[in-house]
Amino acid sequence: KQEVTQIPAALSVPEGENLVLNCSFTDGAIYNLQWFRQDPGKGLTSLLLIQSSQREQTSGRLNASLDKSSGRSTLYIAASQPGDSATYLCAVIPLDSNYQLIWGAGTKLIIKP
Amino acid sequence: DGGITQSPKYLFRKEGQNVTLSCEQNLNHDAMYWYRQDPGQGLRLIYYSQIVNDFQKGDIAEGYSVSREKKESFPLTVTSAQKNPTAFYLCASSGTGVSGANVLTFGAGSRLTVL
């Protein structure tokens, strides 16, 4: 059964630093992987979607990579800002899942001014 | 603007009561989902529906019930059989199939607390 893990559970860094969030999954047979952002007490917003045939996707200061062979994805945030403070979740759609997402628990990111 | 509306945002329930969480979407999405979110855990799927008048159980359906009488609406009832209902509940919608499932839109959530 597919499992998705995000380590660390929480991360605090000074403003301006570049940082990497990690997501690992146990089975590389996936349609795609997505990164989401969740602000406290709010719903989720999709940030980046990487199809299984792709290695990375970029949006502004965000870059996400995908390595199915090792079961890993990273979300790189450049020049972090206090407004980036949120919880970041990753999710995969396994090939045998009827298109249902399997979620990691998230990394809570705090950017200190 | 198109989106998903969840209500109420906060809800308190006494032991033994059933409560219903509302979810309405105007995105013309075929599929709708209910997730439960607990601290330190990933989202867990309660129920999902890919078409009107049809729905399937997710991983943690026990103690919950849903209906899908209209394409726009997918209410979730938390019954007294759910022993630990205090959580944050998220409703989402999407198109169908792998390309449609990519476009997952979430509501703002409803926080249920059992007194």
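Respectively, the protein sequence lines represent chains D and L.
Under our numbering, the residue at position 31 of the first sequence is numbered 74, and the numbers go up by one with no gaps.
Under our numbering, the residue at position 78 of the second sequence is numbered 67, and the numbers go up by one with no gaps.
We put the beta carbon where it would ideally sit given N, CA and C, even for glycine.
All figures in this text were calculated on a predicted structure; none of them were measured in a lab.
Drop a sphere of 10 angstroms on the beta-carbon of residue i, count the other beta-carbons inside from all chains shown, and report buried for 16 or more, exposed for fewer.
| i | result |
| --- | --- |
| L75/D | Here residue 75/D turns out to be Asn, not Leu, going by the sequence shown. Label assigned to N75/D: buried. |
| L104/L | exposed |
| V104/D | Contrary to the premise, residue 104/D reads as Arg rather than Val in this sequence. Counting Cβ neighbours within 10 Å, R104/D comes out exposed, since fewer than 16 surround it. |
| Q26/L | buried |
| I136/D | buried |
| A81/L | buried |
| F1/L | exposed |
| T94/L | buried |
| T150/D | buried |
| S96/D | exposed |
| I50/D | exposed |
| S(-4)/L | exposed |
| G29/L | exposed |
List, in order along the chain, the chain D residues whose C-beta lies closer than 7 Å to that of residue i?
| i | result |
| --- | --- |
| T32/L | Before going further, note that residue 32/L is Leu rather than Thr in the sequence given. Result: W146. |
Could you tell me the alpha carbon to alpha carbon distance between residue i and residue j, rounded to whole angstroms?
| i | j | result |
| --- | --- | --- |
| S38/L | P74/L | 21 Å |
| I154/D | N61/D | 11 Å |
| G5/L | D48/L | 23 Å |
| R98/D | T117/D | 11 Å |
| T68/L | D82/D | 28 Å |
| T66/L | G31/L | 21 Å |
| A129/D | R80/D | 7 Å |
| K60/L | L10/L | 16 Å |
| V63/D | L138/D | 27 Å |
| A53/D | A148/D | 11 Å |
| V92/L | T102/L | 30 Å |
| L132/D | N7/L | 31 Å |
| N65/D | S55/D | 14 Å |
| Q45/L | Y36/L | 6 Å |
| V55/L | A134/D | 24 Å |
| N15/L | L87/D | 17 Å |
| D19/L | F63/L | 11 Å |
Once you ignore the five residues that flank residue i on each side, which residues in its own chain have a CB closer than 8 Å to its CB?
| i | result |
| --- | --- |
| E58/L | V41, N42 |
| G114/D | S67, F68, T69, D70, G71 |
Tell me which same chain residues have a C-beta within less than 6 Å of the C-beta of residue i, skipping the five on either side of it?
| i | result |
| --- | --- |
| R125/L | Look at the range of chain L in this structure, -10 to 104, and you will see that residue 125/L is not part of it. |
| R33/L | R25, D48, I49 |
| K111/D | G71 |
| P156/D | E58, P125 |
Which chain D residues sit within Cβ distance under 9 Å of residue i?
| i | result |
| --- | --- |
| F95/L | F79, Q81, K85, G86, L87, T88, S89 |
Counting only Cβ pairs nearer than 8 Å, list the residues of chain D close to residue i.
| i | result |
| --- | --- |
| L79/L | G86, L87 |
| L29/L | Position check: residue 29/L holds Gly in this sequence, whereas Leu was assumed. In chain order: A52, A148. |
| G98/L | G84, K85, G86 |
Whose C-beta lies closer than 7 Å to the C-beta of residue i among residues of the same chain, with five residues either side of it excluded?
| i | result |
| --- | --- |
| L92/D | N75, Q77, Q100 |
| L59/D | According to the sequence shown, residue 59/D is Gly rather than Leu. Contacts found: A122, S123. |
| L90/D | W78, F79, R80, S102, L105 |
| Q45/D | F68, T69, D70, V135, P137, I145 |
List the residues of chain L that residue i touches, going by C-beta distances under 7 Å, in chain order.
| i | result |
| --- | --- |
| V47/D | G31 |
Hey, would you say the C-beta of residue i is under 7 Å away from at least one heavy atom of the ligand HEM?
| i | result |
| --- | --- |
| R104/D | No copy of the ligand HEM appears in this structure; indeed no ligand is present at all. |
Along the region 77 to 111 of chain D, where does the CB come closer than 9 Å to a CB of chain L? Name the residues. Q77, F79, Q81, G84, K85, G86, L87, T88, S89, L92, Q94
Anything in the region 111 to 132 of chain D with a Cβ closer than 9 Å to a Cβ of chain L? List those residues in chain order, please. L132
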